[in-house]
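Under our numbering, the first residue of the sequence shown carries the number 14, and numbering increases by one thereafter. Written out below as structure tokens is the structure these notes cover.
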Amino acid sequence: MDSFSVEFVLPDCTSSFTGICSLVARTGSGELVVMANHERAVMDLPPQALLLRNEKGEETVVLVSSAVLTVKDNECVVIADAIVFAGSSNKEALERIREEIKKSADGDSLLAEMTKGDLMFIDMVLKA
Numbered sequence: 014m015d016s017f018s019v020e021f022v023l024p025d026c027t028s029s030f031t032g033i034c035s036l037v038a039r040t041g042s043g044e045l046v047v048m049a050n051h052e053r054a055v056m057d058l059p060p061q062a063l064l065l066r067n068e069k070g071e072e073t074v075v076l077v078s079s080a081v082l083t084v085k086d087n088e089c090v091v092i093a094d095a096i097v098f099a100g101s102s103n104k105e106a107l108e109r110i111r112e113e114i115k116k117s118a119d120g121d122s123l124l125a126e127m128t129k130g131d132l133m134f135i136d137m138v139l140k141a
């Protein structure tokens, strides 16, 4: 089966996967499945869990926040503010961070609007 590579680019590091057969993501208009030799594409991704499936059928769940997905020449690049591999987060620390952010999220201010996306991402990570 044909495969492709996926690279996650963050402000402070990168993480790469090879031998990927499919990547499943949600977009504003529905679910997208990227497979080998996919046509070129660029899309904005809401905070979500991306599902990567490799040649052996093994699945990796990667939670992304504020991401853009680029597909080109059998390579996917996900540029994101943050990623978390499902099951690898410090949930106690996230709970403390969430409580601090919630203090800023009250009201109708610009800061409150900005923090709602962060809270959604943290809640998604805590549920994973």
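Quick reminder that beta carbons are idealized off the backbone N, C-alpha and C, glycines included. Small disclaimer: the values here were computed from a predicted structure and weren't measured.
Simplified DSSP assignment, three categories, for residue i
i	result
MET137	helix
MET48	strand
MET14	coil
ALA106	helix
LYS69	coil
ASP121	coil
ASP143	Nothing about residue 143 can be reported from this structure: the residues present for the chain run from 14 to 141 only.
ASP131	helix
ARG111	helix
Best match in the options for proximity to residue i [C-alpha to C-alpha]
i	options	result
LEU45	LEU124, VAL84, LEU123, ILE114	VAL84
LYS7	THR31, CYS89, ALA125	The chain is shown from 14 up to 141; residue 7 falls before or after that span and cannot be answered.
LYS115	THR128, ASN103, ALA95, ILE33	THR128
GLU113	GLU20, LEU132, VAL91, ASN67	LEU132
ASN103	LEU139, GLU71, ASP86	LEU139
ALA99	CYS89, VAL22, ARG109, ASP136	ASP136
Environment of residue i [buried if 16+ CB atoms lie within 10 Å]
i	result
ALA54	exposed
SER78	buried
LEU36	buried
ALA38	buried
PRO24	exposed
CYS89	buried
LEU124	exposed
Nearest-angstrom beta carbon gap, residue j and residue i [assumed within contact, 8 Å]
i	j	result
THR73	MET56	With 8 Å as the limit, THR73 and MET56 do not qualify as a contact, their Cβ atoms being about 20 Å apart.
ALA93	ALA80	4 Å
Residue i beta carbon near the ligand COA (any heavy atom closer than 7 Å)
i	result
ILE114	What this structure holds is no ligand at all, so the ligand COA is not there to describe.
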